[in-house]
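Okay, structure first, notes after.
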Amino acid sequence: EAWHLISCKKRRFRDPQCVERSINNVRNAIPQTTRYKNRWGVRIFEDWQSGRENKAVMCESNPFSLDLQNFQNLETELCSMTARTLNFWLIKFVQEVCDKDGKPYPG
1 EAWHLISCKK RRFRDPQCVE RSINNVRNAI PQTTRYKNRW GVRIFEDWQS
51 GRENKAVMCE SNPFSLDLQN FQNLETELCS MTARTLNFWL IKFVQEVCDK
101 DGKPYPG
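Oh and the sequence shown: position 61 is 61 in the UniProt record's numbering, straight run, nothing missing.
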């Protein structure tokens, strides 16, 4: 009977996964349309980031009285921004982004 319990446990759990399979599982967990839209959003943000005239956080309007010394300038790469910096610049991005015809996106 002890053998039966060990046998059941082996069937219940799979062997540990290799790195490649884990990476594939993560990739496949995100639908292809979501990956496409995420890439599109990042590309639009980076286009806005590179084309925006003012990139200095200290020169930005600050309606929330934030201590801007703790934020990074817009020249910082997206993947290197702190969460607080990204939140700050995303507020600006959402207010300024338009479609290709210069019309605001529907709210």
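Ideal Cβ placement from N, Cα and C applies to all residues, glycine included. All values reported here derive from a predicted model rather than from experimental measurement.
Per DSSP, Cys18 has no beta bridge partner at all. Phe13 counts as exposed, since fewer than 16 other beta carbons sit within 10 angstroms of its beta carbon. The count of Cβ pairs closer than 8 Å, one atom from the region 43-61 and one from the region 73-82, reaches three, so the stretches are in contact. One thing to note: Phe71 has its Cβ within 7 Å of the Cβ of Thr85. CA-CA distance, Ile44 to Arg27, rounds to 22 Å. Looking from the CA of Ser61, the closest CA among Thr82, Asn38 and Ile91 belongs to Ile91.
At a Cβ-Cβ threshold of 7 Å, Pro104 and Cys98 count as neighbours.
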